[in-house]
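Asks: Under numbering that gives the first Met the number 0, think of the first position of the sequence shown as 0, with each following residue one higher. By construction, the Cβ of each residue, glycine as well, lies at the ideal position given by its N, Cα and C atoms. The model shown is predicted, which means the values in this text are computed figures rather than measured ones.
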Amino acid sequence: MPDNSVAARDLSRLSAFYGEMTSVDGVLGGARAAGLDLGDLSAADLYTRGLDLHNLGGYPELESVAVAVELIAAPTSDDLVLDVGCGLGGPSRFLTDRFGCRVTGVDLLPLRVDAATALAERLGFASRVEYRAADATSLPFEDGRFDQAWMLDVSIHIRDKRRLFGELARVLRAGGLLVVHEQMGPLPPAMLPLKRRAPYFAPSFKQFIGIVEDAGLRVQMWQDTTALVLAEFYRRRDVLSSIDASSLRGAAAVAVRRGHRLIEGYVDTLESPAGRAGIMVATSQGH
Ligand SMILES: C[S@@+](CC[C@H](N)C(=O)[O-])C[C@H]1O[C@@H](n2cnc3c(N)ncnc32)[C@H](O)[C@@H]1O
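1. Quick one: which unbroken beta strand (DSSP E) runs of 3-plus residues sit fully inside the segment 107-185? Chain order, please.
2. Sorry if obvious, but does the Cβ on residue 276 come closer than 7 angstroms to a heavy atom of ligand 1?
3. Quick test of your reading: residue 187 and residue 277, contact by CB under 8 angstroms. State the CB separation rounded to the nearest angstrom.
4. Pull the bridge partners of residue 104 from the DSSP assignment, please.
5. In chain order, what residues of the same chain have a beta carbon less than 8 angstroms from the beta carbon of residue 262, not counting five sequence neighbours either side?
6. Residue 208: beta carbon under 7 angstroms from a heavy atom of ligand 1?
7. Just to check, is the beta-carbon of residue 253 closer than 7 angstroms to a non-hydrogen atom of ligand 1?
8. Identify, in the order they occur along the chain, each residue of the same chain with its Cβ nearer than 8 angstroms to the Cβ of residue 173, setting aside the five sequence neighbours on each side.
9. Report all residues from its chain with a CB closer than 6 angstroms to the CB of residue 3; omit the five preceding and five following residues, and keep chain order.
10. From the DSSP output, in three-state form, read off residue 216 for me.
11. For residue 151, verify whether its CB is less than 7 angstroms away from any heavy atom of ligand 1.
12. With distance defined between alpha-carbon atoms, name the residue in 52, 103, 155 and 244 nearest to residue 171.
13. In three-state DSSP terms, what is residue 195?
14. Could you please give the first and the last residue of the uninterrupted alpha helix (DSSP H) stretch that includes residue 230?
15. May I ask you to report which of helix, strand or coil DSSP gives residue 267?
16. Look up residue 275 in the DSSP assignment and say whether it is helix, strand or coil.
17. Less than 8 angstroms separating the beta-carbons of residue 54 and residue 193?
18. For ligand 1, I want to know if residue 134 counts as a neighbour, meaning its beta carbon is within less than 7 angstroms of at least one of the ligand's heavy atoms.
19. Report, in whole angstroms, the separation of the C-beta atoms of residue 176 and residue 63, which I expect to be a contact under 8 angstroms.
20. With distances taken between CB atoms, is the gap from residue 246 to residue 122 smaller than 8 angstroms?
21. Between residue 127 and the rest of its own chain, which residues show a CB-CB distance below 6 angstroms, the 5 nearest in sequence each way excluded?
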């Protein structure tokens, strides 16, 4: 286990929350259900269907983030990109497919790093992406190591945002890009069921930008993605509603009920005036 500065209570709640969403067999089962040939699976087969993504806005979010970054400076094939909170690795494989860059993904939870690694090996990505268990507030990398750092829907789980953005500024080279997708606070009561299950800390937009700039990063762009994310949650709700839950028992029935609660929490949040998600791109000012 890495040097872990995340509070023990946050770690155990994150492990429980994401543990049950972490399964290579689950990803492959989703691919089979989508009619894909498991013997001839590509990374794009998975991420374009959101099968290995746990971001807010699924594949449309990935595309929007890539287009936003291209307006400033797309990663080149010589670049090394850090994917912070890499989850099952879908975003990192998208990044290498789209830009030809190499990617190092880190996630707090070793279970997710193992799943990301297993999927990358199966998809033939082992030479282009690597994954490590690491806490984003205490990164095991030297100063200035990365050309870009991408962090999609991760910071909301991290209590100490000053330490988080300080670490990201430290590991970026001067002029490197920090690319974030995130939901802004304050979170409305609709998020309470989710907050009971996992740590969620969402500063207001103004506070968020202040923390990023205090870390020595200069914000270049903010692009609101609330409508895109909401559309993705409507799509997920339709998919889940098509499952006949009355035929399910045990863990499967619990998972469907939880899925409905999670989606409703997000829909209510994003439909409320307080709910807001977006892409932020910032440049490192050097050390
Ligand atoms: C909503 S998921 C997003 C995963 C991935 N970025 C994606 O778009 O599919 C949040 C991820 O952040 C990870 N995470 C939470 N706190 C972290 C920390 N302190 N350091 C590194 N990863 C963290 C979780 O384990 C989880 O995989």
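Replies: Answer, in terms of the structure:
1. Annotation note: the segment 107-185 contains the following uninterrupted beta strand (DSSP E) runs of length 3 or greater, listed N- to C-terminal: 128-132, 145-151 and 171-183.
2. No, ligand 1 has no heavy atom inside 7 angstroms of this Cβ.
3. Their Cβ separation, rounded to whole angstroms, is 17 angstroms, which puts residue 187 and residue 277 out of contact at 8 angstroms.
4. Looking at the DSSP assignment, residue 104 forms a beta bridge with 82 and 130.
5. Around residue 262: 232, 235, 236 and 239.
6. No - ligand 1 has no heavy atom lying nearer than 7 angstroms to the Cβ of residue 208.
7. No.
8. Excluding positions up to five away in sequence, the list reads 143, 283, 284, 285 and 286.
9. The pLDDT assigned to residue 3 is 48, lower than 50, so where the model puts this residue is not dependable; a value taken from the coordinates is nonetheless given after this. Take residue 3, set aside five residues on each side of it, and the residues of its chain with a beta-carbon closer than 6 angstroms to its own are 134, in chain order.
10. If DSSP states are grouped into helix, strand and coil, residue 216 belongs with the strands.
11. Checking the Cβ of residue 151 against ligand 1 gives yes.
12. Nearest of 52, 103, 155 and 244 to residue 171, Cα basis: 103.
13. DSSP places residue 195 in helix when its eight states are reduced to three.
14. Its alpha helix (DSSP H) spans residues 225-240.
15. In the three-state reduction of the DSSP assignment, residue 267 falls in the helix class.
16. Taken through DSSP and simplified to helix, strand or coil, residue 275 comes out as strand.
17. Residue 193 sits away from residue 54, with the two beta carbons spaced by 8 angstroms or more.
18. Between ligand 1 and the CB of residue 134, the shortest heavy atom gap is smaller than 7 angstroms.
19. No, residue 176 and residue 63 are not in contact; Cβ-Cβ is about 16 angstroms, not under 8 angstroms.
20. Contact flag unset, no.
21. Only 95 and 101 meet the Cβ criterion.
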